[in-house]
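Notes to accompany the following structure.
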Amino acid sequence: MLIELQNVTHIYDQEQSIKALDDIDLKIDEHEFIGIVGHTGSGKTTLVQMFNSLIKPTSGSIYVDGINTTEKKADLKHVRQTVGLVFQYPEHQLFEETIYDDVAFGPRNLKLGKEEVDKRVKVALDLVGLDFEEFKDRSPFNLSGGQQRRVAIAGVLAMRPRVLILDEPSAGLDPQGREKLKALLKRLHKSYNITIILISHRMEEITQLSSRVIVMDHGKIVLNGPPREVFSHKEKLEKLSLELPEITEILFRLRERGCDIRTDIFTVEEAVDEIIKVIGSQENVN
Amino acid sequence: MLTDITIGQYVHGNSIVHILDPRIKIINTIILITSLFLIANFWGFAIFLGFNLFVIYISNLPLTKVLKGLKPILFLVLLTVILHIFMTRGGEVLFQWKFLRIESEGLYTGTFMASRILLLIMFTSLLTLTTSPLQLTDGIEYILKPLKRIGVPASEISMMMTIALRFIPTLMEEAEKIMKAQKARGADFESGNLIQRAKNLIPLLVPLFISAFRRADELALAMESRCYQGGKKRTRLHIMQIKRRDVIALIISIALAVVVSFY
Chain R
1 MLIELQNVTH
11 IYDQEQSIKA
21 LDDIDLKIDE
31 HEFIGIVGHT
41 GSGKTTLVQM
51 FNSLIKPTSG
61 SIYVDGINTT
71 EKKADLKHVR
81 QTVGLVFQYP
91 EHQLFEETIY
101 DDVAFGPRNL
111 KLGKEEVDKR
121 VKVALDLVGL
131 DFEEFKDRSP
141 FNLSGGQQRR
151 VAIAGVLAMR
161 PRVLILDEPS
171 AGLDPQGREK
181 LKALLKRLHK
191 SYNITIILIS
201 HRMEEITQLS
211 SRVIVMDHGK
221 IVLNGPPREV
231 FSHKEKLEKL
241 SLELPEITEI
251 LFRLRERGCD
261 IRTDIFTVEE
271 AVDEIIKVIG
281 SQENVN
Chain U
287 MLTDITIGQY
297 VHGNSIVHIL
307 DPRIKIINTI
317 ILITSLFLIA
327 NFWGFAIFLG
337 FNLFVIYISN
347 LPLTKVLKGL
357 KPILFLVLLT
367 VILHIFMTRG
377 GEVLFQWKFL
387 RIESEGLYTG
397 TFMASRILLL
407 IMFTSLLTLT
417 TSPLQLTDGI
427 EYILKPLKRI
437 GVPASEISMM
447 MTIALRFIPT
457 LMEEAEKIMK
467 AQKARGADFE
477 SGNLIQRAKN
487 LIPLLVPLFI
497 SAFRRADELA
507 LAMESRCYQG
517 GKKRTRLHIM
527 QIKRRDVIAL
537 IISIALAVVV
547 SFY
């Protein structure tokens, strides 16, 4: 068990006792790819900040890699190295004069040797698709928004986390940038065995990438399971004003019009196959 | 953490004191604190204290909140009292121990000064407790208006104050977010010696300044694209109007000032 939350409650306004998280139990295993959805203010961001102990819960306990992070003497350095967190608009935290130094900030904080830092910066920049020699001495502030974001993500990857959390990583990126990001996440998960936790409003991203989906509302986990199962609860999701992936929505509408079709499909290719199959079987009947 | 800091100390309410015209409130405060320096005996302070408590009562402010505002200057008050007690000479000797000597004049002046400082703070915090920052800047702009003739950019000053007030919480939030992001990369803001700590703040300050400049740029652009021009016959959403209650309030404070200064 990599991360485990037991009865975690977080109250952020003591006077009005507003609960950002309400009695959450959650287990996350090594090598999962988890998608977290929920409308604004449902507690997603608070939840993921619990994972690397940036926020401590009001009550309950959290275990990361066997360490109880709610204890006073917990080794937070190890926790934050284990769990990397990429915030919303991570490019806003760039600060060094060169891209190299910015990516090296994390590894240097880990007190690694010069060679190791060097190696990690190279690998991290390579992972996010920026050429080391070309970019290392440039200022991060002269890059395009998409490139800045990739530098910021490289800065977290250079910590070599076993869990990577990304909070709305595709917000504000163009379609091409989103595709690149998706490919990067896939690669990190498959080839580097990193556990990934992704917060996103784009259901397509969630369904195409994750092996488990967590739906949050008012600080509670309301749905938790594989995408197929979660997105079969159409009414419940609509009540939480969450959308289905577009392609799934189309299949649901076809079904409403009396078409005997599967609705647990999230990719265009699969949907095409399914529609052809259904049309074929109808023609046979006629 | 950072967001715990409240801006100003305005307590929302709709008592008669809250709804008074901000200009009148500012002028009243100035009158009252000026006359504090004209008071010659303790009766004057007693009257002012009574009046202050009365205003706190009718404005529905929690007394603890007003008293809390006195905390930061407590040291100054104590220092004043102690210095006066031991340094001011005159009157009969009340206490003597080796070179330490307390004389009645010192005790008198000490408490006199302390009462003055405490009342000074109590009246000014009454203003900030019952007037929202926005109303305050509006009031200040209006009072500074006559100075425009001699080239004081009153409306620009008030606009800058308003914007600064508006953006303090935003920047606080931003600072906390950046702090967290750098902590997630192993930054340490809490340990080390002074120099080390100052150095550790760089990863926080650089992004914070960059974002502040970016925001300022965007805001200036947004204002310009909506043709903002400071001071050029701008109309307001909330037009300040002097009502009967404002006149009454003004008369009361002038009367009080006259009474205590000639008493």
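Protein sequences, first through last, are from chains R and U. Per my numbering, the first sequence starts with residue 1, numbered consecutively. Per my numbering, the second sequence starts with residue 287, numbered consecutively. Where a beta carbon is used, it is the ideal one built from N, C-alpha and C, also for glycine.
Discussion item. Please tell me whether ASP29 of chain R and LEU5 of chain R are closer than 8 Å, where the distance is taken between their beta carbons.
Written reply: As a position in the first sequence, residue 29 of chain R is number 29, starting the count at 1. As a position in the first sequence, residue 5 of chain R is number 5, starting the count at 1. Going by C-beta atoms, ASP29 of chain R is not nearer than 8 Å to LEU5 of chain R.
Discussion item. When you compare the CB positions of THR366 of chain U and MET399 of chain U, do they come within less than 8 Å of one another, or not?
Written reply: Walking along the second sequence from the start, residue 366 of chain U turns up at place 80. Walking along the second sequence from the start, residue 399 of chain U turns up at place 113. Cβ atoms of THR366 of chain U and MET399 of chain U: closer than 8 Å.
Worksheet item: Quick one: any contact between the stretch 440 to 448 of chain U and the stretch 318 to 327 of chain U, if contact means 3 or more CB pairs under 8 Å?
Response: no
Item to complete: Look up TRP383 of chain U in the DSSP assignment and give the residues it is bridged to.
Response: Locating residue 383 of chain U in the second sequence gives position 97, where the first residue counts as 1. According to DSSP, TRP383 of chain U bridges with U:LEU386.
Worksheet item: Taking only beta-carbon atoms, is PRO90 of chain R less than 8 Å away from chain U?
Response: As a first step, residue 90 of chain R must be located in the first sequence, where it is residue number 90. For PRO90 of chain R, the answer is yes, since a Cβ of chain U falls inside 8 Å of its Cβ.
Item to complete: Answer with yes or no whether the minimum CB distance from ARG471 of chain U to chain R is below 8 Å.
Response: Working through the second sequence from its first residue, we reach residue 471 of chain U at position 185. Answer yes: the Cβ-Cβ gap between ARG471 of chain U and chain R drops below 8 Å somewhere.
Discussion item. Please classify HIS10 of chain R as buried or exposed, where buried requires at least 16 other C-beta atoms within 10 Å of its C-beta.
Written reply: Stepping through the first sequence from its first residue, residue 10 of chain R is reached at position 10. Answer is buried; the Cβ neighbour count reaches 16.
Worksheet item: When the Cα atoms are used, what is the spatial distance from SER17 of chain R to ASN7 of chain R?
Response: Counted from its first residue, the first sequence places residue 17 of chain R at position 17. Counted from its first residue, the first sequence places residue 7 of chain R at position 7. When rounded, the distance between both Cα atoms is 17 Å.
Worksheet item: What do you reckon, are the CB atoms on GLY146 of chain R and LYS19 of chain R nearer than 8 Å?
Response: Sequence index remark: in the first sequence, residue 146 of chain R carries index 146 (1-based). Sequence index remark: in the first sequence, residue 19 of chain R carries index 19 (1-based). Their beta carbons are not under 8 Å apart, which means GLY146 of chain R does not touch LYS19 of chain R by this criterion.
Worksheet item: Any C-beta of chain R sitting closer than 8 Å to the C-beta of VAL297 of chain U?
Response: Counted from its first residue, the second sequence places residue 297 of chain U at position 11. No, VAL297 of chain U lies away from the interface with chain R (no Cβ there is under 8 Å from its Cβ).
Worksheet item: Listed from N- to C-terminal order along the chain, which residues in the stretch 477 to 493 of chain U have their beta-carbon within a distance smaller than 9 Å of any beta-carbon of chain R?
Response: ILE488, PRO489, LEU490, LEU491, VAL492 and PRO493
Worksheet item: Helix or strand or just coil, what does DSSP make of PHE135 of chain R?
Response: Here residue 135 of chain R is taken as the residue at index 135 of the first sequence, counted from 1. In this structure, PHE135 of chain R counts as helix in the three-state DSSP scheme.
Worksheet item: So with Cβ pairs under 8 Å, would you call ALA467 of chain U a contact of chain R?
Response: By one-based count along the second sequence, residue 467 of chain U stands at place 181. Chain R, which has a Cβ nearer than 8 Å to the Cβ of ALA467 of chain U, makes this yes.
Discussion item. Considering only the alpha carbon of each residue, which of R:LEU130, R:LEU242, R:ASP13 and R:THR45 lies closest to ILE197 of chain R?
Written reply: Your numbering for residue 197 of chain R matches position 197 in the first sequence. Of the candidates R:LEU130, R:LEU242, R:ASP13 and R:THR45, the one whose C-alpha sits nearest the C-alpha of ILE197 of chain R is R:THR45.
Discussion item. Quick check: the Cα distance between VAL546 of chain U and ILE371 of chain U, rounded to an integer number of angstroms?
Written reply: On the second sequence, residue 546 of chain U is found 260 positions in, with the first residue counted as 1. On the second sequence, residue 371 of chain U is found 85 positions in, with the first residue counted as 1. For VAL546 of chain U and ILE371 of chain U, the distance between alpha carbons rounds to 25 Å.
Worksheet item: Name the chain U residues that come within less than 8 Å of VAL156 of chain R, Cβ to Cβ?
Response: Along the first sequence, one-based indexing puts residue 156 of chain R at 156. Here the neighbours are ALA470 and ARG471.
Item to complete: Given a cut-off of 8 Å, decide if ILE310 of chain U and ALA535 of chain U are closer than it, judged by their beta-carbon atoms.
Response: The residue labelled residue 535 of chain U in the question sits at position 249 within the second sequence. The residue labelled residue 310 of chain U in the question sits at position 24 within the second sequence. Yes, they are a contact pair.
Practice prompt. Just mark LEU362 of chain U as buried or exposed, buried being the case when its beta carbon has 16 or more other beta carbons within 10 Å.
Written response: Indexing the second sequence from 1 puts residue 362 of chain U at position 76. Counting Cβ neighbours within 10 Å, LEU362 of chain U comes out exposed, since fewer than 16 surround it.
Discussion item. Is VAL545 of chain U close to chain R? Criterion is C-beta to C-beta, closer than 8 Å.
Written reply: Your numbering for residue 545 of chain U matches position 259 in the second sequence. So, not an interface residue.
Fill in: Own chain partners of SER153 of chain R with C-beta closer than 6 Å, once the 5 adjacent residues on each side are dropped
The count along the first sequence starts at 1 and reaches residue 153 of chain R at position 153. The sequence as given places Ile at residue 153 of chain R; Ser does not occur at that position. So the list reads VAL86 and VAL128, once near-sequence residues are dropped.
Worksheet item: Interface residues of chain R around LYS463 of chain U at Cβ under 7 Å?
Response: Within the second sequence, residue 463 of chain U is the residue found at index 177, counting from 1. By Cβ distance, chain R contributes PHE87.
Discussion item. Taking CB distances under 8 Å as the criterion, tell me whether ARG80 of chain R reaches chain U.
Written reply: Working through the first sequence from its first residue, we reach residue 80 of chain R at position 80. It does: the Cβ of ARG80 of chain R has a partner Cβ on chain U nearer than 8 Å.
Worksheet item: Buried or exposed: which applies to VAL151 of chain R, given that a residue is buried once 16 or more other Cβ atoms fall within 10 Å of its Cβ?
Response: For the purposes of this step, residue 151 of chain R is identified with residue 151 of the first sequence, where counting begins at 1. With 16 or more Cβ atoms within 10 Å of its Cβ, VAL151 of chain R is classed as buried.
Fill in: DSSP-derived helix/strand/coil call for ASN327 of chain U
As a position in the second sequence, residue 327 of chain U is number 41, starting the count at 1. Coil.
Worksheet entry | Rounded Cβ spacing between VAL352 of chain U and ILE342 of chain U (contact assumed at less than 8 Å) | Taking the first residue of the second sequence as 1, we reach residue 352 of chain U at position 66. Taking the first residue of the second sequence as 1, we reach residue 342 of chain U at position 56. 6 Å between Cβ atoms; contact.
Discussion item. Please state the DSSP three-state secondary structure of GLU476 of chain U.
Written reply: Taking the second sequence and counting its residues from 1, the one referred to as residue 476 of chain U is at position 190. In this structure, GLU476 of chain U counts as coil in the three-state DSSP scheme.
Discussion item. Based on DSSP bridge pairs, tell me the residues matched to MET399 of chain U.
Written reply: The residue labelled residue 399 of chain U in the question sits at position 113 within the second sequence. Answer is none; MET399 of chain U lacks a bridge partner.
Discussion item. Out of R:PRO90, R:HIS233 and R:GLY84, which one is the CA nearest neighbour of LYS463 of chain U?
Written reply: For the purposes of this step, residue 463 of chain U is taken as residue 177 along the second sequence, with counting starting at 1. When only C-alpha atoms are compared, the closest one is R:PRO90.
Fill in: Any chain R beta carbon closer than 8 Å to SER497 of chain U
By 1-based counting over the second sequence, the position of residue 497 of chain U is 211. So, interface residue.
Fill in: Cβ shell of PRO245 of chain R (< 6 Å), same chain only, five flanking positions each side left out
Sequence index remark: in the first sequence, residue 245 of chain R carries index 245 (1-based). MET203, GLU204, THR207 and PHE266, listed in sequence order.
Fill in: Under 8 Å between C-beta atoms of LEU457 of chain U and LEU420 of chain U
One-based indexing of the second sequence puts residue 457 of chain U at position 171. One-based indexing of the second sequence puts residue 420 of chain U at position 134. Against a cut-off of 8 Å, the Cβ pair of LEU420 of chain U and LEU457 of chain U comes out as no contact.
Worksheet item: Quick one: is PHE340 of chain U buried, meaning 16 or more other Cβ sit within 10 Å of its Cβ, or exposed?
Response: Your numbering for residue 340 of chain U matches position 54 in the second sequence. Burial call: exposed.
Discussion item. Restricting to Cα atoms, I'd like to know which of U:THR410, U:LEU306, U:TYR296 and U:SER390 is closest to LYS529 of chain U.
Written reply: Counted from its first residue, the second sequence places residue 529 of chain U at position 243. It is U:LEU306 whose Cα lies nearest to the Cα of LYS529 of chain U.
Item to complete: Specify the secondary structure class of GLN6 of chain R as computed by DSSP and reduced to three states.
Response: Along the first sequence, one-based indexing puts residue 6 of chain R at 6. GLN6 of chain R: strand per DSSP, three-state reduction.
Worksheet item: Looking at SER42 of chain R and ASP167 of chain R, is the spacing between their C-beta atoms short of 8 Å?
Response: As a first step, residue 167 of chain R must be located in the first sequence, where it is residue number 167. As a first step, residue 42 of chain R must be located in the first sequence, where it is residue number 42. Cβ atoms of ASP167 of chain R and SER42 of chain R: not closer than 8 Å.
Practice prompt. Check whether the Cβ of GLN93 of chain R lies closer than 8 Å to any Cβ atom in chain U.
Written response: Within the first sequence, numbered from 1, the residue matching residue 93 of chain R stands at position 93. Interface residue, yes.
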